[in-house]
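Below: the structure, in structure tokens.
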Amino acid sequence: MSDVSTVIKREELGDVAILRILTNSVDAVSASAIEQASSNMNPITVLDFADVAFINSAGISVLLKFVVAARKEGHKIFCIHVSPHHQKIFKMVEMTRFMPIIEEQDLAAYVDANGAQAPSS
Amino acid sequence: MSDVSTVIKREELGDVAILRILTNSVDAVSASAIEQASSNMNPITVLDFADVAFINSAGISVLLKFVVAARKEGHKIFCIHVSPHHQKIFKMVEMTRFMPIIEEQDLAAYVDANGAQAPSS
Amino acid sequence: MNRIHLHIPSDLLFERVVRASAAELGTTMGFSDERIEDLKLAVSEAVTNAIEHGNSGKRTASVEVIFSLDQDKLEIEIIDSGPGVQSFNTDRRVVEEDNLEAGMLRGFGMYLISELVDQYEVQSSSEGTCLKLRIFRPNKPS
Amino acid sequence: MNRIHLHIPSDLLFERVVRASAAELGTTMGFSDERIEDLKLAVSEAVTNAIEHGNSGKRTASVEVIFSLDQDKLEIEIIDSGPGVQSFNTDRRVVEEDNLEAGMLRGFGMYLISELVDQYEVQSSSEGTCLKLRIFRPNKPS
Ligand SMILES: Nc1ncnc2c1ncn2[C@@H]1O[C@H](COP(=O)(O)OP(=O)(O)O)[C@@H](O)[C@H]1O
Ligand SMILES: Nc1ncnc2c1ncn2[C@@H]1O[C@H](COP(=O)(O)OP(=O)(O)O)[C@@H](O)[C@H]1O
């Protein structure tokens, strides 16, 4: 549980850091392992929620630590593959003001425009 | 729960009837709805377990009703997309003698050889 | 009426067990997938509070959860043996710049619960707190 | 040691809740996916028997399930208040032609349980039956 590598997989796509959250439950139990990855962000960092089935307020709290860490450095943070349910929850607490939801193609377009190699599909 | 159409989806592939089990739990609760489909088999019928995450002995019992019904008519019954765990369980109780597990490509090859149109993929 | 009782130690690990049970019972009730997500989150918040604020994480103090299923609704009681609470603040609570800077990253639980369930009730005394949540079935079975 | 208690009415609908809880606790214990499937099936068979044979489906009679987690194992007690059973037959039981023809399509439960768990124990009297299942952790936490 406490091994960050099993909970977050870090990838670089051009100059963007993509942090794929591998646990399906972002909650009090997984929070500390997730939090460790907040020390390893790029100027543009994307949190990928594709595997995330559940987020509660303990989970929101750890996500906000990424926001806080990014703001300190003047970095930007986005999220991707957020389920409709979690889009609703993020809107309720206005998470999206601090961690906007972007689309896969917008991320790809940004990376392309910045001259990085898109991953072959 | 009791509506058979939500629990089994029947398709014809050439002269083969494919019964796709749509419930993820083949157990005492879903048994009666599943059983209803045993009255609507072809000489060759394939049970598709792609969506099935759980089978217990109440579930095995309802699957055996398909075997019994097929034997009465001299029909053959196969299964497909059985998870490794359920392959183990089926072997433990020797289900596979009465309901052999086949591969997707073998089904497709059979249907092709018998002149039916394979579905476009 | 059907009642399911669950007792867990005050360890957030077991909040996941309550949540899984809630999800299964939501399916039994015929709730939509989205409604089941609402149910899981509300139950998760309530159990987290019972463990953290009610029982102050004393593992030996258990949290009791009672699910009551009837024709028209699922009711969930989450009971701790903590010091109780005077009043719950269920006002809308959103992420704010100032709070971020001050490191105040919590406090969404009661607001989320109040929005996600159809009804809730609190009974609290110095013996403990019982939070009762209700979610109604979309339409009555014929 | 951590103990989780669950009480359900004798209705097979709620066997699914016990199963979901068992799966969650298997994950907590760090069991492999395949071992969690074994656990779910063994628990499902035991709870089904407690409901059907133990409590004879009397909904008002509840089935009690106690999960005990410790360092090296998960123990599950499934307790009914039925008439008890003299002895359990856990012999290998496979599908047979004769049984198919006679419509005897049940009787795999105890055999499956005995194969799927690491240890089991039965205590049975005229007051009821307690079936105790144990699954060990693959290796001790360091
Ligand atoms: N079961 C409880 N027992 C005692 N106090 C509680 C309980 N549940 C909630 N509270 C109080 O209500 C406050 C608000 O809870 P909540 O909105 O969930 O936010 P958070 O738990 O993040 O502080 C808590 O900080 C606590 O003071
Ligand atoms: N909890 C129980 N109380 C009383 N009898 C039981 C109990 N569990 C099992 N039995 C007896 O053991 C027999 C074998 O059980 P099992 O192998 O699960 O097969 P099945 O339940 O399909 O008959 C049952 O038919 C029943 O007579």
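Chains as they are written, first to last, in our numbering: chain B, 1373 to 1493; chain S, 1373 to 1493; chain L, 3 to 144; chain C, 3 to 144. Note that beta-carbon positions come from the ideal geometry of N, C-alpha and C, so glycine has one too.
Item                                                                                                                                                                                       : Value
Between B/Ala1405 and chain L, is any beta-carbon pair separated by less than 7 Å?                                                                                                         : no
Whole beta strand (DSSP E) runs in the region 1417-1478 of chain S with 3 or more residues, listed along the chain?                                                                        : 1448-1452
Counting C-beta neighbours from all protein chains within 10 Å, is the total for S/Glu1384 16 or more, i.e. buried, or is it exposed?                                                      : exposed
Of all the residues that make up the region 1395-1426 of chain S, which are near chain C by a beta-carbon distance shorter than 8 Å?                                                       : Ser1397, Asp1399, Ala1400, Val1401 and Phe1426
At a CB-CB cut-off below 9 Å, which residues of chain C make contact with S/Val1440?                                                                                                       : Leu102, Glu103, Gly105 and Leu107
With a threshold of 6 Å (Cβ to nearest heavy atom), would C/Ala63 be considered close to ligand 2?                                                                                         : no
Which residues of chain S have a Cβ atom closer than 7 Å to the Cβ of C/Phe110, listed in chain order?                                                                                     : Ser1429, Ile1432 and Val1465
Are any of the Cβ atoms in chain C nearer than 7 Å to that of S/His1457?                                                                                                                   : yes
Inspect the beta-carbon positions of B/Met1413 and B/Ala1430 and report whether they are closer than 7 Å.                                                                                  : no
Taking 8 Å as the limit between beta carbons, can you name the residues of its chain near L/Glu17, skipping five residues before and five after?                                           : Ile10, Ser46, Val49, Thr50 and Ile53
If you drop the 5 nearest sequence neighbours on each side, which residues of the same chain put their C-beta closer than 7 Å to that of C/Gly32?                                          : Arg139
From the DSSP output, which residues share a beta bridge with L/Ser34?                                                                                                                     : None, per the DSSP bridge assignment.
DSSP three-state label for C/Gln73, please.                                                                                                                                                : coil
Find the residues of chain L that neighbour C/Glu26, judging by a C-beta separation of less than 7 Å, and give them in chain order.                                                        : Arg18, Val19 and Ala22
Using a Cβ-Cβ cutoff of 7 Å, what residues of the region 118-142 of chain C are near chain L? List them in chain order.                                                                    : none
Determine contact between the region 33-41 of chain C and the region 1436-1449 of chain S, defined as no fewer than three beta-carbon pairs at a distance below 8 Å.                       : no
So, for C/Val97: in the same chain, excluding its five sequence neighbours on each side, which residues have a beta-carbon less than 8 Å away from its beta-carbon?                        : none
Does the separation of the CB atoms of B/Ala1409 and B/Leu1391 fall below 7 Å?                                                                                                             : yes
Do C/His2 and C/Ile80 have their C-beta atoms within less than 7 Å of each other?                                                                                                          : Examination of residue 2 of chain C is not possible in this model, given that chain C is present from 3 through 144 alone.
Within 7 Å (strictly less), CB to CB, does B/Phe1462 reach chain L?                                                                                                                        : no
Would L/Met112 pass as a contact of L/Phe90 if the rule is Cβ separation under 7 Å?                                                                                                        : yes
L/Val124 to L/Asn4, Cα distance in whole Å?                                                                                                                                                : 22 Å
List the whole-angstrom C-beta distance separating L/Gly130 from L/Gly56, where the pair is believed to meet the contact cut-off of C-beta under 8 Å.                                      : 7 Å
Count the other CB atoms, across all protein chains shown, that sit within 10 Å of the CB of L/Ala25; report buried if there are 16 or more and exposed otherwise.                         : buried
Name the chain S residues whose beta carbon is nearer than 9 Å to that of C/Thr50?                                                                                                         : Asp1399, Ala1400, Asn1428, Ser1429 and Ala1430
Can you check whether the CB of L/Ser12 is closer than 7 Å to the CB of L/Lys60?                                                                                                           : yes
Identify which residue in C/Val20, C/Val19, C/Gly28 and C/Cys132 has its Cα closest to the Cα of C/Asp74.                                                                                  : C/Gly28
Please work out which residues of its chain come closer than 7 Å, Cβ to Cβ, to S/Ala1490, disregarding the five sequence neighbours upstream and downstream, and give them in chain order. : Model confidence at S/Ala1490 stands at a pLDDT of 46, short of 50, so the residue's coordinates are unreliable and nothing is read from them.
With distances taken from CA atoms, which of L/Cys132, L/Arg21 and L/Leu76 is nearest L/Gly2?                                                                                              : An answer regarding residue 2 of chain L cannot be provided, because it is not within the stretch 3 to 144 covered by chain L.
Which of the three DSSP states is assigned to L/Gly130 in this structure?                                                                                                                  : strand
Can you tell me which residues form a DSSP beta bridge with C/Glu54?                                                                                                                       : Answer is none; C/Glu54 lacks a bridge partner.
Quick one: what does DSSP say C/Gly41 is sitting in, helix, strand or coil?                                                                                                                : With the sequence shown as reference, residue 41 of chain C is identified as Leu, and Gly is not the correct amino acid for it. C/Leu41: helix per DSSP, three-state reduction.
On the premise that L/Leu76 lies in contact with L/Ile137, defined as a C-beta separation below 8 Å, what is that separation, rounded to the nearest angstrom?                             : 5 Å
For ligand 2, I want to know if B/Ala1403 counts as a neighbour, meaning its beta carbon is within less than 6 Å of at least one of the ligand's heavy atoms.                              : no
Alpha carbon to alpha carbon, what distance is there between C/Ile78 and C/Lys134?                                                                                                         : 6 Å
Would a C-beta distance cut-off of 7 Å place S/Asp1423 and S/Leu1394 closer than the cut-off?                                                                                              : yes
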